[in-house]
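Below is one structure, written out as structure tokens; comments come after it.
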Amino acid sequence: MLPDNLVGLLHVGLNHYLVLSGLLFSIGVFGVLVKKNAIVILMSIELMLNAVNLDFVAFSKYGHNIDGQAMVFFVMTIAAAEASVGLAIAVAVFKRFKEVNISKFENLKG
Amino acid sequence: MALTSEDILFHAFAAVATISAILVVFLSNPIYSALFLALTMSVLSIFYFMLNAPFVAVAQLTVYAGAVMVLFIMVVMLFDLKREHEDVLKISPVMIAKIIGAALLCGFLVGVSWLGMSANQNNPSTVVAPQTMAKDLDKTKPVVAMADKPENPDEDLTAAEQNNLVDVKGAPETAKKDVPTKETRLSPDEFGSTASLSKKLFSKYVFAFEAVSLLLLVAIVGAVALAKSRGGTHHVAR
Amino acid sequence: MGNGLLEFAINALKIIIVFVTIVSVVPLLVWVERRGSAFMQNRLGPNRVGPLGLLQLLADAIKFIFKEEFIPDHADKVLYFMAPGLTLLPAALTFAAVPFSTPVTIGGHTINMQIADINVGIIYIFAVASLAVYGVLTAGWSSGNKYSLLGALRACSQMISYEIAMGLSLIGVLIMYQTFSLNEMITAQLGSFNFHWRGLQYAVKYLPAWGIFYQPLSFILFVTCGFAETNRMPFDLPEGEAELVGGYHTEYGGFKFNMFFMGEYGHMITSSALITTLFFGGYALPGISPEQVAAFWLDHGAGLAQTLHLSVTDTSSLMTTLTHLLVFCLKTGFWLFFYVWVRWTLPRFRYDQLMDLGWKTLLPWSIANLAISATVIFFAHLK
Amino acid sequence: MSSDTLVTILLLSPFIGFLINGFLVKQNNKSPVRAGIIGTLASGISFICAATLFATLSGMGEDKHIHTLFFNWLEVGKFKADMAFMVDPISAVMIMIITGVGSLIHLYSIGYMGHDPKPAKFFAYLNLFLFNMLVLVLGDNLLLMFVGWEGVGLCSYLLIGFWFQDPEKASAGMKAFVTNRIGDAGFLLGLFMIFVTFGTVEFSSLSKMTFSPEVAMIGPITLATLFLFIGATGKSAQIPLYIWLPDAMAGPTPVSALIHAATMVTAGIYMIVRLNFLFAAAPTTMHVISIIGASTAFFAASIGLLQNDIKKILAYSTVSQLGYMFLGVGVGAFTAGFFHLMTHAFFKALMFLGAGSVIHGMHEEQDIRKMGGLAKKMPITYGTFLFGWLAIIGTPLFSGFFSKDEILWRAYSSPLGSHVLWVVGAITAAMTAFYMTRLMALTFWGESRVAPNVKVHESSLVMTIPLMVLAVLSLVGGWVGIPHILSGGHIPNILEEWLHHVVINIEAEGSAAEEWVTMGVSVFLAACSAYSAYFLYVKRPKLVSELPKKFKAAYTLVYNKYFVDEIFQWTLIRPIIQLSRGLWAYLDVRVIDRTTYLLSDVVKGTGDNLKLMINGNVQQYALYILFGVVVSLVFVFSR
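Residue numbers (the numbering used here), protein chains in the order written: chain A, 120 to 229; chain B, 81 to 318; chain C, 5 to 387; chain D, -14 to 624.
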């Protein structure tokens, strides 16, 4: 069997969810920072939103407050709206330039 | 003291989620990215089930995995971007800065999440896995089972919550207002139920609900208009 | 831990049995389809291999398994192999929430005749069913064939469009039953058709309290959408041979094609089971509650108990479960047959007609149904 | 109508008139009468409100007081100033004078400014002045009073320089403005002192406090009141800040009548009367006020003796009369000072308007040496001017007699006064009689010295009606304050009773006999000097031309106004200008400018370099945001 302190460490609690959410969020941020494909950047943003949702639900459960779950719905709705508009923009851009690599769109600069 | 099956499930799925999230970013084919993102979202929905939020879980599946990601995949397939190769890890000063930034954020979030909860870690009653806890709660009085000393609800509502939810120091008053006391805590049945959630949505958050529905309408119109347009205001540079 | 292990074993067993059942029902369905179509078209159908051509199923299966594996040149190999699995998986997963009989209690152990009693059962099914698009999409795209891709996109749009109408059509049912749990829905459909009006209760004694009588429009909409969701005639546009060669699975052959085939039939089975559960009282007998059935077996099952070396109550429980399972199979079987029936009766839609039907007819009707149901239920306490 | 509404209309009517005339009416001479009617109507409505308020107030019992709170204006720590207005006996009389005389002058201006290119602008300024003056008078705290105080200063500047195309007139406006600034600084310091000492600037709260006269030479009250008095010397043209008023005559004559004779210049007196309880507690200040007042009266009167410009004479006369008022309040006779303020408003406005009529009739000629014998050509102007002359020289039964006599008697008898003050006052009265008679003689009497090409004509009715009204007021205006000794107690001293709840009166110590004697002496002196002036300028005009040769030094000194302007020029203005030049050339250009250039260069350079960060790559921007987020998170959590 595993040593007790390790088991204690592995017992799932709020912090586990928070750590997981933090990881996913950071990965999403990294994706936003480095990816060149606009659509993948949008995906990374979705990933960040999902990470936040996980936080909300975890807090809702461990804080015994259902408001967190309600909040998730709003996040989802906004994410859906964001995705649809973002993709529509991507489609429009692709139609015009045959390209969604954002490094090709750096005309607006100081 | 031994690991419960929920613990094992959590760690397994957490690994799946993390790895697939990493693959989303590191794979160069956007289709694979999208599919792995869908996988991540599905796994998250499993976590929601484990967190007594079944309705959120299925909503996550329907909305994210079933609709949003399908949309992404359709767009990617239409563009046929599979041959695009990008050098994710080309070493340049900016790239190093980006890596450092993301790593800092990651370290910070994980560190705070973990350390902020260490007080909580010593309190075994809150460490029980969700389902087990739900069972415990069924057997005994919910409040007593939740924590053996629930006199001070703030105590097991953890430093991290106070840190993460309310990270402005001036605001603990408002934070405390929302912290459930003995009376307002819902029984586990009620807690997970869709009815209690929908009551919240249609009473306390009804305005936000309506506002969000309006937002959706606007987004639909906007998306249709954008996608139908010829695209852009300036001419194609050939 | 021992107890948990037993539970785990029982659950695993249930999953395996259900999966195997579905998989083995598929060839049977194929046989029914072929014989049925032949019957409808006034011809013979397969009748050479085995009695009534029943062994034809086995022959088909063997043929599929031993066919040559081939991979198209432009295919994305990983996804090409994954796609059939992705199609089959949701079909199998959706069935997990369907209760197919009463729980059985043997030796103090209660076993639910349902893989997972999820209290949001019905929306769980929807959620998982919506994942079926992935199989279609990946199959179409990874084949590297433009016809496949077009078929996949068609299928995808069609499924998403009809999912909306389907979900909305069911909300009337949901607010009537006031639950997401399929088990509770079945309980709600026990007894006879009754309603309240101005404080008085009216009952129609010889009409069971099935959902179809309360929500006829919802039923029609749901069945229509069910056809579209399973990509069956008259909505099998994604694989319209005349336009798209063979749709998203053009490039598939052998066992992989068989998996698509099984996925489609799996969806059919699930949706038939859902129609049964939502509108036709599920596994329950019309007018007879499970308690009455159990009481019947308690009275008449003594001899059987001796034969089986079980206690009387255990026998009663077991026999009740089996009775209801039979009822469930009969009801679902009827709806499966209905699918076949329709397939060989109605012609195929055109794609724009299909979309028009989904968005301009079914969706408004389901919204109207929702509004009317909500109003009536609010005022008449119809339950 | 409630009194709140009345106060609102009273205040806003001229302001709306200002807005209409200032912004809505085109600035040309297409319809001068329309602009005039708008302005006159605005002030007329104001006058009706003022009269109604006055009537309301007189109908009230012991505590005559109307308080109107508009809104809370400022509240900083303990400091509190409301946008609130207060009508009490003092301000009631003031608003009657301001709106009444103001309305008459507006009416007069329709005729006087009829040929001006921008009459609407003139009436707009005039209305704005009226509004500010009302704010000054009605404000229930010192700060609001200061707002009005500054506002009237601004209007005075605008109106003196109304014909700003003439550089001399423009600079006269600037002189008035700058001189007033010095006084205003004093006022502001006084305001601060009062707040620091008493913790409030509201008149009602201040008046509820009890003050015992300060024993020390310079105490906080003395200091505060002295500062306020500096403000008063600026606004009311007292030594040493009187120099702007004679130059202010560059403005249109109605302006001189309204602002520089009747209303604005009396603001200092009004302020002292308003704060009489405070000044009464500062004997040192009172002495300073009375001495300054007496010497200004004497000094200005002596300058007036030899002036030749009709408006300048009236200006010095105004300074001198203001000196009288300060003498009055300085010896503790607040009622008497206020009384003289009122009567002076009538007769001096009358005389200015008359002078304006003369100037108008003479086609912008102001030199009295080129007039003479106008009595026949301008009978109405002459007749009304006569009333003003009789009033100012102190002819018994005319308004000026009562008020001047009251001040002189108080200066003689008050515990704060002295016989010396009375002597100076009496001599001043004699001098006043002299130069006023001289003015009359040279303008209206004797031989005509008008240039032959000038066609003299009587002014139109719109100008003469105000003259007539003011003439009547100059006669009867004094009857509200007939001293007991004259009436034998049969006629009540209305003004004293009206004011006695709000104004402290330091009782005179003197017998009736003394009062009769002093009165007789001053009347006799005035009569003598008036006759001598008549004799000199009408009977023996040749004698006059020889006088300068006999008293050359004195004549030169007085004729050049004691060289005060020149002294100021050499001792103050020049050094300040030189110092400023030096500061500009060395400190500003070489030090401050270079520093700021350096700063801007640094900023620009930094910007040029930072600009490179904005390279159009959105992800790089996201990176900046990320670093910001991390830093702020660390900051928040490490606290």
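Just so it is clear, CB atoms sit at the ideal spot from N, CA and C, and this is done for glycine as well.
For the alpha helix (DSSP H) containing residue i, list its first residue and its last residue.
i, result
"C/Val137", "Ala136 to Ser146"
"D/Asn594", "Asp578 to Leu595"
"C/Trp4", "Only positions 5 to 387 of chain C appear in this structure, which leaves residue 4 of chain C out of reach."
"A/Val151", "Leu133 to Val153"
"D/Thr25", "Pro17 to Gly44"
"C/Ile376", "Leu367 to Ala384"
"C/Thr280", "Gly258 to Phe283"
On the three-state DSSP scale, how would you describe residue i?
i, result
"C/Asp77", "coil"
"C/Tyr206", "strand"
"D/Val163", "helix"
"D/Ile377", "helix"
"D/Pro198", "coil"
"C/Trp201", "strand"
"C/Ser196", "strand"
"B/Asp160", "coil"
"C/Leu326", "helix"
"A/Phe216", "helix"
"B/Pro173", "helix"
"B/Leu306", "helix"
"D/Asn600", "coil"
"D/Gly124", "strand"
Considering only C-alpha positions, which residue in the set the options is nearest to residue i?
i, options, result
"A/Asn169", "B/Gln140, B/Asn132, B/Leu296 and B/Ala133", "B/Gln140"
"C/Gly139", "C/Ile126, C/Ile127, C/Cys160 and C/Ile119", "C/Cys160"
"C/Lys209", "C/Gly195, C/Tyr218 and C/Gly215", "C/Gly195"
"C/Trp348", "C/Arg39, C/Asn116, C/Asp356 and C/Ile21", "C/Arg39"
"C/Gly125", "B/Pro173, B/Ala182, B/Thr274 and B/Cys186", "B/Thr274"
"D/Glu499", "D/Ser398, D/Gly158, D/Lys596 and D/Gly567", "D/Ser398"
"C/Met117", "C/Ala16, C/Gln310, C/Asn235 and C/Leu157", "C/Ala16"
"C/Gly144", "C/Ala213, C/Thr234, C/Gly251 and C/Leu221", "C/Gly251"
"D/Thr37", "D/Phe8, D/Tyr571 and D/Leu(-5)", "D/Leu(-5)"
"C/Thr336", "C/Thr319, C/Leu33, C/Lys260 and C/Phe70", "C/Leu33"
"D/Met178", "D/Gln604, D/Phe64 and D/Ser189", "D/Phe64"
Just curious, the beta strand (DSSP E) that residue i is in, first and last residue?
i, result
"D/Ser(-2)", "No beta strand (DSSP E) holds D/Ser(-2); the alpha helix (DSSP H) holding it covers Ser(-12) to Leu4."
"D/Leu54", "Ile51 to Val61"
"D/Ser433", "First-last for D/Ser433: undefined, no H or E at that position."
"D/Trp134", "Careful: D/Trp134 lies outside any beta strand (DSSP E), inside the alpha helix (DSSP H) at Leu127 to Ile145."
"D/Val72", "Phe64 to Val72"
"C/His113", "His113 to Ile115"
"C/Thr109", "Val108 to Ile110"
Write down the C-beta distance between residue i and residue j rounded to the nearest angstrom, noting that I regard them as a contact closer than 8 Å.
i, j, result
"D/Ala265", "D/Glu199", "That pair is no contact at about 10 Å."
"D/Gly346", "D/Glu432", "Going by Cβ atoms, the distance from D/Gly346 to D/Glu432 rounds to 18 Å, so no, they are not a contact pair."
"D/Met234", "D/Ser342", "So it is not a contact: roughly 15 Å between Cβ atoms."
"A/Asn134", "B/Trp194", "5 Å"
Tell me which residues of the stretch 176 to 190 of chain B have at least one Cβ-Cβ distance to chain D shorter than 8 Å, keeping chain order.
Of all residues in the stretch 176 to 190 of chain B, those with a C-beta nearer than 8 Å to a C-beta of chain D are Ala177, Lys178, Gly181, Ala182, Leu184, Leu185 and Phe188, reading in chain order.
Contacting positions in the stretch 161 to 189 of chain A - beta carbon closer than 8 Å to chain B
Within the stretch 161 to 189 of chain A, the residues whose Cβ lies closer than 8 Å to some Cβ of chain B are Leu161, Met162, Ser163, Glu165, Leu166, Asn169, Asn172, Leu173, Asp174, Val176, Ala177, Phe178, Ser179, Lys180, Tyr181, Gly182, His183, Asn184, Ile185, Asp186, Gln188 and Ala189, listed in chain order.
Under 8 Å (Cβ pairs) to chain B, residues found in the stretch 330 to 363 of chain C:
If the cut-off is 8 Å between Cβ atoms, the stretch 330 to 363 of chain C has nothing near chain B.
Could you list the residues in the stretch 134 to 157 of chain A with a C-beta less than 9 Å from some C-beta on chain D, going in chain order?
Residues passing the 9 Å Cβ filter: Val148, Val151, Leu152, Val153, Lys154 and Lys155.
Given a limit of 8 Å on CB to CB distance, which residues of the stretch 119 to 138 of chain C reach chain B?
Contacts with chain B (Cβ-Cβ distance below 8 Å) from the stretch 119 to 138 of chain C involve Ile122, Asn123, Val124, Ile127, Tyr128, Phe130, Ala131, Val132, Ser134, Leu135, Val137 and Tyr138, listed in chain order.
Taking any Cβ of chain A, which residues in the stretch 82 to 113 of chain B have a Cβ under 7 Å from it, in chain order?
Listed by position along the chain: Ala82, Leu83, Glu86, Asp87, Phe90, His91, Ala94, Ala97, Thr98, Ala101, Ile102, Val104, Val105, Pro110 and Ser113.
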